[in-house]
Amino acid sequence: MPDPTYDLPGFCAPGTTCASSHVETSPGVHLYVATFHPATDAGLPPVVLIPGLASIMDNFRQVVLGFSRHFPIHWVETREKASSRLGAERDLSVPALASDLLAWMARAPLVDGHFVLVGYSLGASVLIECCRRLGKRPRLVVLVEPNAEFAFPWWSLVLARFAVPLYRPLLPFLKWYVRTFVIDVAADAEMYAIYCRILEAADPWKIARAIRALKPYRAWDGLDRIDVPVLVLGTSRDRLHDYGHTLRIAASIPGAAFVDLATNDRSHSEEVAQVVRAHLVGA
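Read left to right, the sequence shown gives residues 57 to 339 (my numbering).
Given below as structure tokens:
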């Protein structure tokens, strides 16, 4: 697949320096990573930002902008993204995605105890898995709309197994289904826009394999053994993510803090950086 055509300076605050590359995390697996360094050093820990299933930076423009005002950022796209270079590797399970991130973290310029992990949706699930196998320990883990399991509709599993060549012609149906049965567009129009951008940018072969690999995943066991500081951000008005599961995850992790941002418009805005910064200062 071609490299992402992100206009990196367009995602960050004035004066921010940015660069991107593909990083090998295991034989045959290369992930797209972009780095951002703010114009002035505020002494804040670097943020490692992991987007959700097949998501793209366009969905996080305001989030990256907000963090880049004060925090160094490492944007890491997991292997189910269109940007990854997989070779013959086909494992797209949560443990495999977590192994990639842990391998990258081991070599990245991150100081033990002085970085923040921020994961959205599938990215949050990856961070939960990483917390069970940490080498370097983060100062804070931020789980935004975390999934403890993936409730894909039955027909998506059928499409994932048999209809991948028809993915592009089926896009109008997929968008119709999402806005009719999954997302309350009137209450959270941003989530629908996010989902449409994901559908349009996705690699159908990778997504098909990811859906099959993610369907059996469960994160409930071991949440009570996570021993790093955790902040959970929920979106109570989002019908795509199970808010009850978000609350249960927050309640299961010892000492976890919780903030409800209500909608994806807020959870994908500069407010996230403000909440994280306030939490770090308060802690």
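Glycine included, C-beta positions come from ideal geometry on N, C-alpha and C.
The Cβ atoms of P101 and G179 do not sit closer than 7 Å to each other. Contact annotation, V182 with T236: C-beta distance approximately 30 Å; criterion of less than 8 Å not satisfied.
According to the DSSP assignment, A180 belongs to the alpha helix (DSSP H) that extends over 178 to 187. Taking C-alpha positions only, N320 is separated from L109 by approximately 15 Å.
In the three-state reduction of the DSSP assignment, R224 falls in the helix class, which pools H, G and I.
In summary, A264 is buried, with 16 or more beta-carbon neighbours lying within 10 Å of its beta-carbon over all protein chains present. Around the C-beta of D277, fewer than 16 other C-beta atoms lie within 10 Å, and the residue is accordingly described as exposed.
Around the beta-carbon of V167, fewer than 16 other beta-carbon atoms lie within 10 Å, marking it exposed. Between L173 and V150, the C-beta spacing is not below 7 Å.
The residues T291, S292, R293, in chain order, have a CB closer than 7 Å to that of A318 in the same chain once the five nearest residues on each side in sequence are set aside.
Between I267 and A204, the C-beta gap is not smaller than 7 Å, which leaves the two residues out of contact. The three-state reading of DSSP puts L213 in helix, counting H, G and I together.
The region 97 to 141 is shown to contain whole alpha helix (DSSP H) runs of 4 or more residues at 117 to 124, in chain order.
As the crow flies, the alpha-carbon of A75 is around 20 Å from that of A162. Ranking R189, R188, M247, S124 by CA distance to the CA of T73 puts S124 first.
Residue state for D168 is assigned as coil, using DSSP reduced to three classes. By the neighbour-count criterion, in which 16 or more other beta carbons inside 10 Å mark a residue as buried, D244 falls on the buried side. Bounds of the alpha helix (DSSP H) holding S323 are 320 to 323. Boundaries for H297: no beta strand (DSSP E) harbours it, and the DSSP string shows neither H nor E there. A distance of 7 Å or more separates the beta carbons of V315 and L296. Y273 sits in coil when the DSSP states are folded into three classes, being neither helix nor strand. In terms of Cα proximity to S82, the closest of G99, P94, L142 is L142. S77 is classed as exposed because its beta carbon has fewer than 16 other beta carbons within 10 Å across all chains shown. Taking the CA atoms as reference points, L199 sits about 7 Å from V286. For the pair P221 and F171, the Cα-to-Cα distance works out to about 41 Å.
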